[in-house]
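Comments concern the structure below.
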Amino acid sequence: MRVVFLLVALGIALVFYLSWVPNPDMALVWFVPDWIANWTDARANGDLRTAVPFVFLGLITGVWLFRLRKSAVWWLVTLVGLTGIAAIAEAGQIAMPHRHFSWADIGWGGIGSLLGLLVAYGGMQTLKWLKVSL
């Protein structure tokens, strides 16, 4: 359980850090590998790149929710919460000179979260059906 909270906290911290660095070019972030920076900095991936960390956050929280047998309400609250994190990260960019607020980024954050949650649910249901335990 602590590992899940740590991974989610690190994921959220990473989202805020990468959203609030002064320059949106990931090639300038020291810990981002070149191949990831090249993909994220490509103009075609400008908004889509927001979804990537949220897929992982949705996946981690989805596995946790499934293992705790939480109701659909919890899944919905998690989706809204993760999308809210995307909104807060975007709102923080309003005051930054080289960054800009984007509704599309919030949407992609929500889509990434939903995708991660769906993959977690589907994967865990499949493992349950195959009688594989984690």
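Residue numbers for the sequence shown follow the numbering used here, so the first one is 1 and each next one is one higher.
Quick reminder that beta carbons are idealized off the backbone N, C-alpha and C, glycines included.
Source: prediction; values computed, not measured.
Starting from the Cα of residue i, find the closest Cα among the options and give me that residue.
i	options	result
residue 86	129, 108, 44, 32	108
residue 14	2, 1, 32	32
residue 80	113, 131, 118, 5	113
residue 49	102, 119, 5	102
For the alpha helix (DSSP H) containing residue i, list its first residue and its last residue.
i	result
residue 23	Counting along the chain, residue 23 falls outside any alpha helix (DSSP H), and DSSP gives it neither H nor E.
residue 63	51–67
residue 124	103–129
residue 38	34–41
Please classify residue i as buried or exposed, where buried requires at least 16 neighbouring CB atoms within 10 angstroms.
i	result
residue 25	exposed
residue 19	buried
residue 34	exposed
residue 104	exposed
residue 40	buried
residue 126	exposed
Give the C-beta separation of residue i and residue j to the nearest angstrom, bearing in mind that I take them to be a contact with Cβ-Cβ under 8 Å.
i	j	result
residue 116	residue 55	4 Å
residue 82	residue 57	6 Å
residue 121	residue 62	6 Å
residue 11	residue 60	7 Å
residue 29	residue 21	6 Å
Confirm, please, whether the CB-CB distance from residue j to residue i is below 7 Å.
i	j	result
residue 27	residue 42	no
residue 106	residue 90	yes
residue 45	residue 98	no
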